[in-house]
Structures are given as C-alpha cells and as structure tokens.
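Chemist:
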Amino acid sequence: MASSPTDVIESRLVFFSEDGSGEYGLEELLGSSAEVLGKGTFGTSYKVPKYAVVVKRLKIIGNGGANKTPLTWEVRCSTAYRVASAIQYLHSQHVFHGNVRSSNVFLTSSFDAYLSEYALAQLFSDTKPIPNLVIGYCAPEVTNAHQVSQKSDVYSFGVLLFELLTGKAPTNALNVKEKGTDLPNWVRSMFQEKPLIDVFDNALHGYYNTSGIGEQMVQLLQLALCCTFQYPNRRPSMAAVTNQIRETCSFET
Numbered sequence: 022m023a024s025s026p027t028d029v030i031e032s033r034l035v036f037f038s039e040d041g042s043g044e045y046g047l048e049e050l051l052g053s054s055a056e057v058l059g060k061g062t063f064g065t066s067y068k069v070p071k072y073a074v075v076v077k078r079l080k081i082i083g084n085g086g087a088n089k090t091p092l093t094w095e096v097r098c099s100t101a102y103r104v105a106s107a108i109q110y111l112h113s114q115h116v117f118h119g120n121v122r123s124s125n126v127f128l129t130s131s132f133d134a135y136l137s138e139y140a141l142a143q144l145f146s147d148t149k150p151i152p153n154l155v156i157g158y159c160a161p162e163v164t165n166a167h168q169v170s171q172k173s174d175v176y177s178f179g180v181l182l183f184e185l186l187t188g189k190a191p192t193n194a195l196n197v198k199e200k201g202t203d204l205p206n207w208v209r210s211m212f213q214e215k216p217l218i219d220v221f222d223n224a225l226h227g228y229y230n231t232s233g234i235g236e237q238m239v240q241l242l243q244l245a246l247c248c249t250f251q252y253p254n255r256r257p258s259m260a261a262v263t264n265q266i267r268e269t270c271s272f273e274t
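Per the numbering used here, the sequence shown starts with residue 22, numbered consecutively.
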C-alpha cells in the first residue's frame, strides 16, 4: 500500500474489473451502457469485453441505514491511508489534486481505494466559483478553483477523514438545528459539549472500547483537526499526514 502513481487516477475516471485485473475508462463503460448486467450491493455491473466491471464510489453517509453494511474500521483506515498516499505522491511531484472528496474515491471489490479527478481545478477559470458540490471540502482561503494548493488539499483530506470517522456529510446543515455548520466546526463543538464517543459514526462505537482501536480513532480525529486548521501554514504536510496514519494504524511501508 505504499505511495505510488498507481494510486492516482490521473485526469480520467478508471473503473476496475471484479478481480482487479482490468481497468476501464468512463468512455468504455458508456459504450457498454446498453449492456448493464444488473445492480447489487457492491455497485453497477457492466458487460465489457471479457469482463464484468463493477463500479462503486466511496459512500460513508448513511452506513447505518436499513440493508446497509457499514465500512469496517480496517477499511476506513486503509481508505484514509491509500488516499493520503495518493495525495502525497502528487505533492512530491510539485502538483496538487484540487478536488479531494469522498465521491472521487473509488473502491474495488476488495475495498482498495483509488483517487480520481486529479487536477480538475485546471478546467475552471480564475473567477469561476467552486461548484456547490465541493464547498464542504474547500479550505477557508479558497474562493475560486485557481486558489487551490497543496495546503488546501490537506484541508480537504481532513474533511474526508472526518467523514470517515463521523459518518456525517461535509456539507452545510448537518441537521435542522445545525444549519450552516460545516463538519470541522461541528466536530470542534462536539469536543466541548458531548462525550468523545458521540463524535464518531454509530457504526464505529463497537470498536471504541476494543483494545488499541479506540486510541487509533482518537489519534486520527486529532489528525483531522490539525488538517483543518483555519490557517494554511498551521496544517501539516501530506507526507506528515501519511506517516501519522501509517504509524497509527500500523501499516507497513
């Protein structure tokens, strides 16, 4: 699970065959759209040459609903680590992603995470506002697409990490009483008002008192807080973030 360019889907969406041996671009799948085999709990199956390809975006919100299987703690840790490694790789090449969010993370059938839509910010003009769909992930200093930077990637990753930990949407209006509260501020307010366990996704409560895992959950929550500091110069680098996740979750290099 080391950082590598294969963790980043550059400039296009790539989907994976069920056994992970084939990769297909969006155009190839659109060409096969008349041959949808069906939809299941993992995703939509398409018929393409030689393979059945299953497509699934990372979906964290609503894991506790009926007929939903929550992501395990191990899958959430692995997803955080692989996405962080992908962003770190981009930053090591002196570029940034610009559009880090959960809907741009794709999971294979073995729950390996891949990051898509690299460098999407280059498609927007200097004055065109960020689309509403990504507002919840935008750093405070970002008001248009060409203000994104490596430090704003760190902020967006922090929001994604909060999403993995809390199971809550990153956008405004987490509920009626909290209208206008973004996810980082919601977490900070919960620290002051509620028991710490209440910050986490209900599906993770069973892990909280498990030896070692509760400490991992708290450490990753603290890391997400650091990633979402208001001022960019206070945020850690993605290299530091990736190292912290690797050490916290005991991943091998």
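Ideal placement from N, C-alpha and C gives every residue a C-beta, glycine not left out. Since this is a predicted model, take the numbers as computed values, not measurements.
Taking the DSSP output, what are the residues bridged to F250?
Modeler: None, per the DSSP bridge assignment.
Chemist: Quick one: grab the DSSP three-state call for V121.
Modeler: coil
Chemist: In three-state DSSP terms, what is F178?
Modeler: helix
Chemist: Classify N230 as helix, strand or coil using the three-state DSSP reduction.
Modeler: coil
Chemist: For D40, I'd like the list of residues in its chain whose CB is within less than 7 Å of its CB, leaving aside the five on either flank, ordered along the chain.
Modeler: At D40 the pLDDT is 44, less than 50, meaning the model places this residue with poor confidence and gives no usable figure here.
Chemist: Could you tell me the alpha carbon to alpha carbon distance between D133 and K189, rounded to whole angstroms?
Modeler: 22 Å
Chemist: To the nearest angstrom, report how far apart H115 and Q168 are at their CA atoms.
Modeler: Each residue's alpha carbon lies about 15 Å from the other.
Chemist: Please report the straight-line C-alpha distance between E236 and E273, rounded to a whole angstrom.
Modeler: Between E236 and E273, the C-alpha separation is close to 19 Å.
Chemist: Can you look up A160 in the DSSP assignment and give me helix, strand or coil?
Modeler: coil
Chemist: Would you kindly work out how many angstroms separate the C-alpha atoms of V175 and N165, rounded to a whole number?
Modeler: Going from the Cα of V175 to the Cα of N165 covers about 17 Å.
Chemist: Could you check which residue in Q265, L246, A101 has the C-alpha nearest to that of V220?
Modeler: L246
Chemist: For a test of the three-state rule: what should DSSP assign to F272, helix, strand or coil?
Modeler: F272 falls in the coil class under three-state DSSP.
Chemist: Would you mind working out which of Y228, H226, T263, V208 sits nearest H112, comparing C-alpha positions?
Modeler: T263
Chemist: Going by other Cβ atoms of all chains shown within 10 Å of its Cβ, with 16 needed for buried, is R122 buried or exposed?
Modeler: buried
Chemist: Measure the alpha-carbon distance for P257 versus W207 and round it to whole angstroms.
Modeler: 21 Å
Chemist: Using 10 angstroms around the beta-carbon of Q213, count the other beta-carbons present and answer buried if the total reaches 16, otherwise exposed.
Modeler: Around the beta carbon of Q213, fewer than 16 other beta carbons lie within 10 angstroms, which makes this residue exposed.
Chemist: What does a CB cutoff of less than 6 Å around Q265 pick up in its chain, not counting 5 residues either side in sequence?
Modeler: For Q265, where only same-chain residues beyond five positions count, the Cβ hits under 6 Å are L244.
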